[in-house]
Every structure is written in C-alpha cells, then in structure tokens.
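Chemist:
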Amino acid sequence: MILTIAARELRSLFLSPLAWSLLAVMQFILAWLFLVQLENFGRLQPRLVGMENAPGLTDLIVVPLFGNVAIITLLLIPLLSMRLISEELRSGTFNLLLSAPVSIFRIVLGKYLGLLGMLGIILLISTAMVLSLLAGGELDLGRLAAGLLGLSLVLAAAAAVGLYMSTLSAQPGVAAVGSYGLLLFLWLINLATGAEGKGSALFDWIAMPTHFDHLLSGLVRSSDLIYFMLCIVLCLTLSIRRIDSLRNRP
Amino acid sequence: MKPLIKTEGLYRYYGDHCAVQNLSFELYPGEVLGLLGPNGAGKSSTLRMIAGNLAPSEGSVWIDGVDLQSDPIQAKSVLGYLPENPPLYPELTVDEYLRYCARLHCVSNDVMDKALSEAKQRCGLSEVGLRLIGNLSKGYQQRVGIAQAIVHNPTVVILDEPTVGLDPIQIREIRSLICDLGSERGVILSTHILPEVQATCSRVLILHRGEQAYAASLQQDAHQAGNCFLIRLAKPPKLDSFTALPGISHADQLADGHYRLHLENADTGSASKLSEQLVQTGWGLEEFISEQPGLEQVFVRITTGEQGAI
C-alpha cells in the first residue's frame, strides 16, 4: 500500500516536465561546478606533490561538490514537496486517499517515500559524476561513503520538512514558501552570534550544516545521525497529526 | 437484516454554522437511498461523514456493523465513494488510474484485470482505457469517477451527485447502473434533481437546513390517492361555478380552459364521481388528469414552506 502510493507519486512526477527539467538543470549546474573544481585541482597539483599529507581528490573535489549538491537540492525540494499533499487537497484527489482503507501513517509514508525516490535519483547522478574520477585517480572511498550518508540525511530531513509544510496549506505556493523559510532558517540559524562573538551551542546544534560538515569530513557520529532521524520522525509525526485533524477541519 | 449503513445522531458544525443536525438513518442491502435537498442542505457533508472524509462533530456511523470511528480501515474497506468533485489525476490514463484505485482498495493482482474491465464496461469506459483522464470530456471524467467507486466491488456505494455534467443518454445509462448496483448492494446518493430520485431510488430522505425533513419509501408514495385534478374544458364556465359542485373545495385557473380542482377529501371513488359530475354539467370535458402528490410538491412544500414561516 505504501509502495502503491509512492509509485504513483513518482510516476506523476515524471509524467510532468517538472522532474525532468529539475534533473536537467541540476545536472548542468553540478557538471559546471565539478569541472571548475577539477580544473582548480589540476592547477594546484604541482604544489601538492611536494606537500606531506596533501589533500587528495576527495578533499578538493568530492567534499565541495557534495556541499553544493546539498544547497542546490535544498532549493529544489520545496518545489517537489509542495505538490505532495497541498495539490491533492486543492484538486480534491486527497478524498480518494481518505476514503480508501489506508491508514494515515501509510499515506504519509507513501508520499514521503515517493519524494525520497526522486531525491535518490539526484543522489545517484551526483555520485556517478564523482565516481567518474576513479577512471584517472584515487578516491578515499570511506570518506566518500560518509559524505554520501550525510548528503542523503540532509536531503531526507529536508524532504520531511517539505512534506509537513505541504500538509499545512491547500495552496502549493504557500507550502513552498513555508518550506523555503524553514529550510533556510535551519541552514543559517547558527550565523547568529552572542556578545563575545561566539555562537550559541543550541543554535549550533539546531543548524543542519553543523551535522552535515561532520559527516562530510568523514566523521560519522551517532549524535549527528540522531539529529537527522529526530528531524525526520518529528516532521512525519506532525504530518500524520495534521492530516488526521484535516478530517475535523471547520 | 443487518443495515449496511447506520448513522445515529450525526451532527456537523462548521464554526457556528450547523450543517447537519441530528441525522439518524439506516441503509439496508438492496436499497437505493436518495438524499434530496436544496443547495447547502447538508447532503455532501453527510456523505463525507459516512465516507470517513469528515469527522462528525457528534454521533456515530456504522458501516456493515463496524464503527467508522474506532476501526476506520475495516469500515472503509467495503466502501466505494464518489465525492462531489471526482478525485481524478489528469496526468494518468484511465487504466492506470483505476488500477491505482483498485490497489488502494486492496484488490489483489490476480483479479485486477477482471475488476478493471468490469468497472470500465459498466461505466461505458471500455473504449477510453488508454486515454489520459485530463483529455476526457466532463461526462467521461464523471464516469471514471463512478468507475473508481465500484472497481473494488464494494458492498456500500456512496455517490455524491453522480449525474452532474452528463448528457441525457449518459444520465439514463448511469441511472440504470445505479438501479443495477442497488439490486445487489446498498447505494446512497445525493442529488437536487427530483426526477433522478424518482427514477432510481427506493427510498428518499429530504434534508433541509441539515435536518431530516421528510423520509418515505417511494413505492408507497405512488399508491396514495391524490386530491388534485387537472382538467381542460371546451366551454369553460365562470371560476366560482366549480365550487358550487359538491366536494370541490376550490379551483384555480391555470390557463385558458385549464383548471386545477382541489377536493375536500379524497377517497378511492372520488375521481369517478367528479368526472361524472363534470360530464353532466355540459362544459365539454376534454382532459381529466389525476395529479399525483409527487415528490416535487413535498419538496417544494418543505423547502419553501418553512422559509415562508421565518
């Protein structure tokens, strides 16, 4: 049942030009950034030769690229997630799900998996690009895996935020604005500094980049994993509650 | 016999506005129940509550003996629901869409093709299975909506204004489909079209301002003797000469030579007695029609009578 809903979601996404154009634009920008990094690396290479413990391909290309993928995808997720529930509420198709013998938990999970499927494709194309480096060099595969895990968690958490926002309004535009707001806030919250010029520990903990940077640098800490899991579970639970209350709406 | 749908004391408030109040009724297998009412009478809200789409503010709904509130999954599994706006995905083809709906309703894969072709055949969609729903006309979209409600072979079918947007031929087809469905399971439909109720329903419930204003089984209604007669005369007399005849309480002139006569009290022999009297007067009786106390009069009386009182 969950997979039925997820499959329909993904299918509808690819039946509209939206998914294709997003992927195309994304791929173009990433390729550009990738080539720029590659050229920088080529320019730096003579100097790196003499250095002890010199940064490798992974440090100079993979990590910055994954950082860029995260930011670009954060900008795209609200466009993908706004449709999930909002649009169905607006067009009335949500009634079909509500009167079907499917629990709200499954509806939400199905929708979420559908969006994760799309994000999985984005991850796949960016990882494929990075792996092409293996043709002429060596990568630190452990660090690559940690970075990939971090990237997946960031995208999954952002998708959950977008899903929740899309349950809040029957206007997809409002849902998108809400997701942009919340995601950017989560990304930038630790820019605020206290009187001594030090950031607040709480804000640092709430901010996504703190946790993402650990993973990008190859540091897999359970506290970071728990942060992302909390974020996902919280948003999904809120979505379930919100949809349940839609039946009681005045 | 166990009722397929049973509601008890349903209330629904939208803010301060009470859309449905104290509605209790039952639907038995083999019945087609028509919910009739003017716009805003609470028909759609009632159906949405039964379909589990809207939580009642008070009261409970049992579907096939299962409480919708406490075990919604089990209760919804025997339901087929067509909302006011058919819940269609324009980017899917009819086949894809119906397959998705059937999957949502747990139709297993081995009977999927059969269920699909049967639903399409019943709703006259066999030709358009491969077309995109968004490209179909309004009437066809409505039919896809109905097909969606019956594809999983539910025992209770809820149709919210099923014939909106259909042409007269399609309306007849859908009506016969509804009668067909009603012979084996329970159907509940809402409409504001009176002839539709007369053509399809075995029982009618008139809602007015959220309350049940009238309930009757339609067969018994048809046997009631009328106390109104429409007549046409070749040589009409003055209007007050009708009331001089015994048994006539008053008469209205409808058009030149056309009159409606109201009897004081109607019994089985009154029609033949009246016609004899009229022939003897020598006014040249050309037409004599007994006017049935149809649903329309009841409907008009309920919906306008109360407004007049306010």
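Top to bottom, those sequences are chains F and Z. First residue of the first sequence: -6, per this note's numbering; consecutive thereafter. First residue of the second sequence: 20, per this note's numbering; consecutive thereafter. C-beta: ideal position from N, C-alpha, C; glycine also. Bear in mind the structure is a predicted one, so any value in this text is a computation, not a measurement.
Over the uninterrupted alpha helix (DSSP H) stretch that includes His211(Z), give me the two end residues.
Modeler: Taken as a continuous stretch (DSSP letters only), His211(Z) belongs to no alpha helix (DSSP H), as it is neither H nor E.
Chemist: Check whether chain Z comes within 8 Å of Gly85(F), counting only Cβ atoms and requiring the distance to be less than that.
Modeler: Chain Z, which has a Cβ nearer than 8 Å to the Cβ of Gly85(F), makes this yes.
Chemist: In the DSSP assignment, the alpha helix (DSSP H) including Glu192(Z) goes from what residue to what residue?
Modeler: It spans 187 to 203 - the alpha helix (DSSP H) in which Glu192(Z) sits, taken as one unbroken run.
Chemist: By alpha-carbon positions, which one of Cys125(Z), Leu107(Z), Ser195(Z), Ile69(Z) ends up nearest to Ser43(Z)?
Modeler: Ile69(Z)
Chemist: Run the CB neighbour count on Leu273(Z), radius 10 Å, all protein chains shown included, and call it buried at 16 or more, exposed below.
Modeler: exposed
Chemist: At a Cβ cut of 8 Å, what residues of the segment 81 to 107 of chain F count as close to chain Z, listed as they run along the chain?
Modeler: Ser84, Gly85, Thr86, Phe87, Asn88, Leu89, Leu90, Leu91, Ser92, Ala93, Pro94, Val95, Ser96
Chemist: Compute the distance between the beta-carbons of Ile207(Z) and Leu101(Z), then report whether it is under 8 Å.
Modeler: no
Chemist: Taking only beta-carbon atoms, is Ile92(Z) less than 8 Å away from chain F?
Modeler: At least one chain F Cβ lies under 8 Å of Ile92(Z).
Chemist: For Val163(Z) and Leu98(Z), what's the separation of their Cα atoms in angstroms?
Modeler: 17 Å
Chemist: Lys95(Z) and Ser92(F) - do their beta-carbons sit closer together than 8 Å?
Modeler: yes
Chemist: How would you write the range of the beta strand (DSSP E) that Ile(-5)(F) sits in, first residue to last?
Modeler: That residue, Ile(-5)(F), is in no beta strand (DSSP E); its alpha helix (DSSP H) goes -5 to 8.
Chemist: Let me make sure I understand the geometry here. Which of Thr112(Z), Thr174(Z), Leu135(Z) has the alpha-carbon closest to that of Arg150(Z)?
Modeler: Thr112(Z)
Chemist: Rounding to the nearest angstrom, what Cα-Cα distance links Arg320(Z) and Leu252(Z) in this structure?
Modeler: 29 Å
Chemist: Going straight from the alpha carbon of Leu227(F) to that of Leu23(Z), what length do you get?
Modeler: 39 Å
Chemist: Taking C-beta pairs closer than 7 Å, name the residues in chain B that Tyr108(Z) reaches, listed in chain order.
Modeler: The displayed structure is made up of protein chains F and Z, and chain B is not among them.
Chemist: Quick one: what's His269(Z) bridged to in DSSP?
Modeler: His281(Z)
Chemist: Quick one: any contact between the segment 174 to 181 of chain Z and the segment 200 to 220 of chain Z, if contact means 3 or more CB pairs under 8 Å?
Modeler: yes
Chemist: Using the beta-carbon of each residue, which ones in chain Z are nearer than 8 Å to Leu8(F)?
Modeler: Glu110, Leu111
Chemist: So, at 7 Å on beta carbons, what are the nonlocal neighbours of Ala260(F) in its own chain, with the 5 sequence-adjacent residues on each side left out?
Modeler: In the structure as shown, chain F begins at -6 and stops at 243. Residue 260(F) is therefore absent and cannot be evaluated.
Chemist: Give the straight-line distance between the Cα atoms of Phe34(F) and Arg234(F), rounded to the nearest whole angstrom.
Modeler: 50 Å
Chemist: If you scan the segment 80 to 158 of chain F from start to end, which runs of the alpha helix (DSSP H) of 4 or more residues do you find wholly inside it?
Modeler: Listed in chain order, they are 81 to 84, 87 to 92, 97 to 124.
Chemist: Measuring only the C-alpha atoms, how far is Glu315(Z) from Leu213(Z)?
Modeler: 7 Å
Chemist: Could you check which residue in Phe307(Z), Thr26(Z), Asp114(Z), Leu55(Z) has the C-alpha nearest to that of Glu180(Z)?
Modeler: That would be Leu55(Z), whose Cα lies nearest to the Cα of Glu180(Z).
Chemist: For the alpha helix (DSSP H) holding Gln296(Z), just list the boundary residues, first then last.
Modeler: Residues 289 to 300.
Chemist: Just the C-alpha distance for Leu108(F) and Arg4(F), rounded to the nearest angstrom, thanks.
Modeler: 11 Å
Chemist: Give the range of the beta strand (DSSP E) segment to which Thr26(Z) is assigned.
Modeler: 24 to 33
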